[in-house]
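Protein sequence lines correspond, in order, to chains A and B.
Each residue of the first sequence is one higher than the last, beginning at 711 in the numbering used here.
Each residue of the second sequence is one higher than the last, beginning at 711 in the numbering used here.
Written out below as structure tokens is the structure these notes cover.
Number of protein chains: 2
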Amino acid sequence: MSTIGKALALLDTLSRLDKEAGLTDIARLCALDKATARRFLVELEKHGFVEQDADTRRYRIGSAPVRLARIREARFPFLRVAIPFIKALAESSTETVHLSEFSGGQLSTIHVEDSPRAHRIIVDVGSLLPFHATASGLAFLAFCPAAEIDKALKKPFEKFTEHTVVEPQLVRGLLDETRGRGFSISHQGLEAGVISTAAPIRTPSGRPIGCVAIAAPLSRTTKTAINEFGAQAIAAANAISEKYYGSERPAGTIANIRRTD
Amino acid sequence: MSTIGKALALLDTLSRLDKEAGLTDIARLCALDKATARRFLVELEKHGFVEQDADTRRYRIGSAPVRLARIREARFPFLRVAIPFIKALAESSTETVHLSEFSGGQLSTIHVEDSPRAHRIIVDVGSLLPFHATASGLAFLAFCPAAEIDKALKKPFEKFTEHTVVEPQLVRGLLDETRGRGFSISHQGLEAGVISTAAPIRTPSGRPIGCVAIAAPLSRTTKTAINEFGAQAIAAANAISEKYYGSERPAGTIANIRRTD
DNA sequence: CGCTTATGGTTCATTATTTGAACCTTAGCT
DNA sequence: AGCTAAGGTTCAAATAATGAACCATAAGCG
């Protein structure tokens with residue numbers, strides 16, 4: 711693997727820890743030599759991607775990503791565009807609605823609007839969504855090019871619950887169904903007692919960039935409700951895509967790059 | 711320079727561009743070979759730090775920094791802590807107040823509260839603050855360890871206005887004054903007609919992490935007002951530091967790392 | 001319509017950087 | 001003091017990065 715890849719993987723590992731970590735732990739978690747880990751950390755620190763606490767000598771994510779994120783969001787305000795739709799959907803469905811984005815080979819949760827009900831599904835911002843075991847993952851993968859589906863199906867799938875579908879052929883079947891109806895259904899794929907539906911948010915060229923998903927307790931969710939949620943998820947996903955890539959084309963958006971030069 | 715450093719410098723360059731850039735431009739701006747630039751971009755893209763637009767083939771900052779920034783802000787909510795104080799200061803001073811943070815060897819603006827007056831100073835979020843020519847830069851540097859001051863004074867200083875102090879000995883004098891009074895004054899150092907005062911936000915160990923600065927039109931700012939602004943900037947900076955590193959020590963903050971293990 | 005130019009993208013022998021075992025240093029503990 | 005564990009450093013050996021030259025594609029033009 712390239713040095714850059716290893717350093718960025720270290721950053722990723724550091725970000726997934728729930729608190730600051732010391733050099734030895736970081737090296738162990740990343741399967742790197744202590745000296746290597748240290749050099750990476752020093753280099754990342756120089757550029758503000760990590761910070762070392764002066765007192766404890768532990769390392770944490772630095773402020774450079776905050777600056778980059780502000781720039782990215784200013785130019786490419788996906789969240790800002792999407793959140794109102796997610797909120798509206800959470801209100802109308804009265805269930806937990808979450809938004810995911812594909813980044814770095816993984817689908818991760820970037821926003822959650824909780825259900826107003828007492829009995830509700832909790833989803834954490836930042837959590838990863840396995841392709842085979844979540845509605846978002848299935849919805850995302852179903853609309854990817856065939857080559858990528860084949861690639862994804864080659865990796866072994868983890869069995870999270872007794873209902874998780876892990877056989878590649880069966881997963882392929884779920885993807886085909888998803889493509890047919892426009893939204894995916896995950897029946898207790900990641901957690902027992904939870905049923906989710908999701909629809910992909912796609913670029914104008916059709917490539918998925920993330921998903922809108924509704925997660926509800928299995929116990930109160932009828933088949934009719936599932937279909938209703940699916941239709942609402944599709945509507946929200948399409949609305950986000952339209953707004954995001956839409957015809958307004960303010961300066962600096964993707965939509966008008968071709969036109970301006 | 712290390713490969714990681716070069717790749718992160720590329721990311722930095724890309725972030726400072728005002729729109730997406732093509733491979734050739736990026737390579738030229740970073741003084742890298744096209745093949746090298748491409749490999750870096752591919753590697754950065756794998757981890758979500760850059761994205762290539764499918765249509766235009768141009769590159770932009772990816773979504774990974776957004777995820778990292780959310781994590782950083784969740785654990786280390788500097789902005790969230792600081793903004794109320796900045797807002798309060800902008801109201802009470804009726805001038806533009808901005809907050810800077812040291813990251814990656816540079817001091818950059820991370821938040822601005824505009825003056826409510828029609829005639830006001832505009833500061834952009836993201837703008838870099840030279841150490842010798844801005845109140846923030848002087849306030850930051852003045853409270854750094856002597857070795858770092860010496861290092862900073864070795865680099866040549868740019869003359870932004872006819873008032874910019876660029877001679878290392880004179881800059882050192884300004885730093886000494888700043889340390890003496892607790893806040894810095896920049897008299898038209900970066901822009902003609904602007905006078906600024908700034909105070910450093912420091913860790914409990916005394917190391918500066920950023921600054922609070924007030925920028926006002928020279929024409930309406932008396933010597934008394936400058937001293938008043940300086941005192942207010944110090945108060946705000948200390949208040950932020952206290953709140954941030956303070957005694958409340960909720961789970962996950964820096965303050966209690968030593969105590970929890 | 002074919003020629004030219006510009007850009008994105010790729011290859012592979014050469015070169016420079018990364019690597020890690022061993023070592024040193026510091027801080028907390030008994 | 002002596003012990004342990006963690007952070008941090010060194011330098012020969014191993015490995016990955018480099019870039020000149022290459023190909024592919026698309027736009028501009030006589």
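Even glycine gets a Cβ: it sits at the ideal position worked out from N, Cα and C.
The beta carbons of residue 740 of chain A and residue 723 of chain A sit closer together than 8 Å. For residue 761 of chain B, the uninterrupted beta strand (DSSP E) segment begins and ends at 760-762.
DSSP places residue 776 of chain B within a helical segment (H, G or I) once states are collapsed to three. Using beta-carbon distances, residue 938 of chain B does not count as an interface residue toward chain A, since no partner is under 8 Å. For residue 734 of chain B, the enclosing alpha helix (DSSP H) has its first and last residue at 733-739.
Residue 837 of chain B places its beta carbon 8 Å or farther from that of residue 813 of chain B.
Counting other Cβ atoms within 10 Å of its Cβ, residue 787 of chain A stays below 16 and is therefore classed as exposed. Residue 811 of chain B and residue 927 of chain B have their C-alpha atoms spaced approximately 23 Å apart. Cβ neighbours of residue 802 of chain A within its own chain (closer than 8 Å, five residues either side excluded): 942. Apart from the 5 residues on each side of it in sequence, residue 821 of chain B sits with its Cβ closer than 8 Å to the Cβ of 789, 792, 793, 796, 808, 809, 835 in its chain, given in chain order. In the three-state DSSP reduction, residue 904 of chain A falls in the strand class (E or B). Annotation: the continuous beta strand (DSSP E) that includes residue 812 of chain A extends over 806-813. Across the structure, residue 844 of chain B and residue 870 of chain B are spaced so that their CA atoms are roughly 10 Å apart. Beyond the five residues adjoining it in sequence on each side, residue 888 of chain A comes within less than 7 Å, by CB distance, of 848, 849, 852, 894 in the same chain, given in chain order. The residue among B/907, B/867, B/857, B/915 with its C-alpha nearest the C-alpha of residue 923 of chain B is B/907. Under DSSP, residue 823 of chain B shares a beta bridge with B/807. DSSP, read as helix, strand or coil, puts residue 920 of chain B in strand. Neighbours of residue 822 of chain A in chain B, taken as residues whose beta carbon is under 8 Å from its own, are absent, since the nearest beta carbon is some 12 Å off. Secondary structure at residue 955 of chain A: coil, using DSSP grouped into helix, strand and coil. Collapsing the DSSP output to three states places residue 885 of chain A in a helix.
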